[in-house]
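Asker: Numbering (full-length UniProt numbering), first residue to last: 1 to 119.
Glycine is no exception: its CB is placed at the ideal position from the N, C-alpha and C atoms.
Treat the numbers as computed from the prediction; the structure is a model and nothing was measured.
Encoded as structure tokens, here's the structure I'll be asking about.
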Amino acid sequence: MKVLLDEMYPAALAEHLKAVGLEVSTVSGLGLAGQDDLTVFAAAVAGGFAVLTENVSDFTRIAAEHIASGYHHHGLLIALAARFSRRPSGVVPLAAAVAAMRGEQLADRTVFLKPSVAD
Numbered sequence: 001m002k003v004l005l006d007e008m009y010p011a012a013l014a015e016h017l018k019a020v021g022l023e024v025s026t027v028s029g030l031g032l033a034g035q036d037d038l039t040v041f042a043a044a045v046a047g048g049f050a051v052l053t054e055n056v057s058d059f060t061r062i063a064a065e066h067i068a069s070g071y072h073h074h075g076l077l078i079a080l081a082a083r084f085s086r087r088p089s090g091v092v093p094l095a096a097a098v099a100a101m102r103g104e105q106l107a108d109r110t111v112f113l114k115p116s117v118a119d
């Protein structure tokens with residue numbers, strides 16, 4: 001599974017996801033820091049990445065418009081700020097929620113991640 005982390009996520013999250021065998025890139029790692037969400041989404045599509053973001057309004061709209069135009073994407077993973085803290089303590093639960101999606105069919109799907117019951 002390939003995941004592109006939106007700008008709000010720390011490098012520690014990328015490292016946790018790589019440690020469990022996911023292919024991870026970041027917006028800044030692709031040279032897209034400060035770019036608009038449409039540009040980030042297009043890069044994810046071109047690179048075969050699912051996007052991980054907490055930006056519900058923009059990315060769900062972009063994904064819906066993309067599909068309505070007859071195109072496909074590799075998945076949109078939404079991690080609501082109310083469910084996953086941006087503090088260091090939030091990295092492990094978020095990494096676990098993303099890793100739990102491994103093996104799931106994400107093409108053209110928007111998935112709202114949930115913390116595991118143990119978290």
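#1: Classify residue 57 as helix, strand or coil using the three-state DSSP reduction.
#2: Span of the beta strand (DSSP E) holding residue 23?
#3: I need the straight-line Cα distance from residue 63 to residue 73, nearest angstrom please.
#4: Which residue from 85, 5 and 10 puts its Cα closest to that of residue 59?
#5: How is residue 12 classed by DSSP in three states: helix, strand or coil?
#6: Going by other Cβ atoms of all chains shown within 10 Å of its Cβ, with 16 needed for buried, is residue 112 buried or exposed?
Answerer: In short:
#1: As a working note, residue 57 is residue 57 in the sequence shown. In the structure shown, residue 57 sits in a helix (DSSP, three-state: H, G or I).
#2: Looking up residue 23 in the sequence shown gives position 23. For residue 23, the enclosing beta strand (DSSP E) begins and ends at 23-26.
#3: Along the sequence shown, read from residue 1 onward, the residue named residue 63 stands at position 63. Along the sequence shown, read from residue 1 onward, the residue named residue 73 stands at position 73. Residue 73 has its alpha-carbon roughly 7 Å from the corresponding atom of residue 63.
#4: Along the sequence shown, read from residue 1 onward, the residue named residue 59 stands at position 59. Of 85, 5 and 10, the residue nearest in Cα terms is 5.
#5: Residue mapping note: residue 12 aligns to position 12 of the sequence shown, counting from 1. Here residue 12 sits in helix by DSSP.
#6: Within the sequence shown, numbered from 1, the residue matching residue 112 stands at position 112. By the neighbour-count rule (16 or more Cβ atoms within 10 Å), residue 112 is not buried but exposed.
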